[in-house]
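Below is one structure, written out as structure tokens; the observations come after it.
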């Protein structure tokens with residue numbers, strides 16, 4: 371079972387579309403094809419740079435692509451809901467059970483409210499997902515209507531996740547427009563995510579660091 375086959379499934383395509391529509395109705399930032407593609411690519415990059423086998427890299431890509439499907443049921447506990455939905459999809463497709471377990475474990479544990487890195491794919495998914503902060507995710511166009519989540523995401527004009535296998539460092543590099551949101555506001559809503567990234571990096575035998583506007587913050 372390949373990533374290409376997963377992407378071709380009509381139910382996967384529709385669930386990503388519908389999940390993003392539901393979050394839009396609830397006032398959340400973008401969680402559609404742009405987001406899942408960024409997460410898919412970053413999860414694969416983490417595994418590739420750390421020398422994991424090609425199949426493990428692809429499993430990380432699959433997890434990244436379908437990790438937010440659970441939002442079709444609602445925002446609360448969407449990681450757990452997504453894990454159950456994906457369990458059925460992957461089993462019906464005949465994927466090996468050990469691979470299903472890795473992907474489902476990663477999806478079910480990618481949210482900071484209750485999740486933890488339970489395997490290498492899970493750790494890569496967490497780093498990929500939590501590093502996607504960018505103004506293109508903000509749906510509102512009128513700055514005067516922004517809430518704190520909108521301001522923080524809109525202030526991020528660039529966000530990159532860098533993995534250095536030699537120094538064993540995972541570094542989130544952000545460029546923030548301080549006229550839109552402050553660094554303090556970023557940590558006000560994202561501190562739990564950054565702590566989760568630290569633990570995920572540790573699972574991969576990495577240290578986690580954060581650079582904002584060229585200065586090391588964490």
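In my numbering, the protein residues as written are 371 to 588.
Note that beta-carbon positions come from the ideal geometry of N, C-alpha and C, so glycine has one too.
If you run the structure through DSSP and keep just helix, strand and coil, what is residue 530? strand
Range of the contiguous alpha helix (DSSP H) that encloses residue 422: Run containing residue 422: none; DSSP gives neither H nor E here.
Going by the beta-carbon positions, is the gap between residue 400 and residue 413 smaller than 8 Å? no
Residue from 576, 574, 567, 556 with nearest C-alpha to residue 583: 556
For residue 388, would you say it is in contact with chain C, using Cβ-to-Cβ distances shorter than 8 Å as the test? You won't find chain C in this structure, because it holds only one protein chain.
Sequence-distant residues of the same chain with beta carbon closer than 7 Å to residue 470, five excluded per side: 457, 460, 461
Burial state of residue 410, where buried means 16 or more other Cβ atoms lie within 10 Å: buried
Using the DSSP secondary-structure output, state which residues sit across from residue 586 in a beta bridge. In the DSSP secondary-structure assignment, residue 586 is bridged to 581.
Starting from residue 565, follow the alpha helix (DSSP H) in both directions and report where the run begins and ends. 553-573
Beta carbon of residue 524, beta carbon of residue 553: below 8 Å? no
From the DSSP output, read off the bridge partner residues of residue 546. 526
With DSSP as the reference, please indicate the residues paired to residue 539 in a beta bridge. Residue pairing from DSSP places residue 539 in a beta bridge opposite 534, 577.
Which of the three DSSP states, helix, strand or coil, is assigned to residue 379? coil
Buried or exposed: where does residue 548 fall if 16 or more other Cβ atoms within 10 Å of its Cβ makes it buried? exposed
Could you give the DSSP three-state label for residue 402: helix, strand or coil? coil
Please classify residue 463: does DSSP put it in a helix, a strand, or coil? Looking at residue 463 - three-state DSSP - the assignment turns out to be coil, as it is neither helix nor strand.
Is the beta carbon of residue 501 less than 8 Å from the beta carbon of residue 529? A Cβ-Cβ contact shorter than 8 Å links residue 501 with residue 529.
Between 441, 478, 465, 433, which lies nearest to residue 450 when the distance is taken from Cα to Cα? 478
CA-CA distance, residue 587 and residue 473? 32 Å
Within 10 angstroms of its Cβ, does residue 384 collect 16 or more other Cβ (buried), or is it exposed? exposed
Determine, using beta-carbon pairs with one atom in the stretch 490-500 and one in the stretch 414-431, whether at least three such pairs fall under 8 Å. yes
Is the distance from the Cβ of residue 508 to the Cβ of residue 520 below 8 Å? yes
What span of residues does the alpha helix (DSSP H) with residue 494 cover, start to end? 490-500
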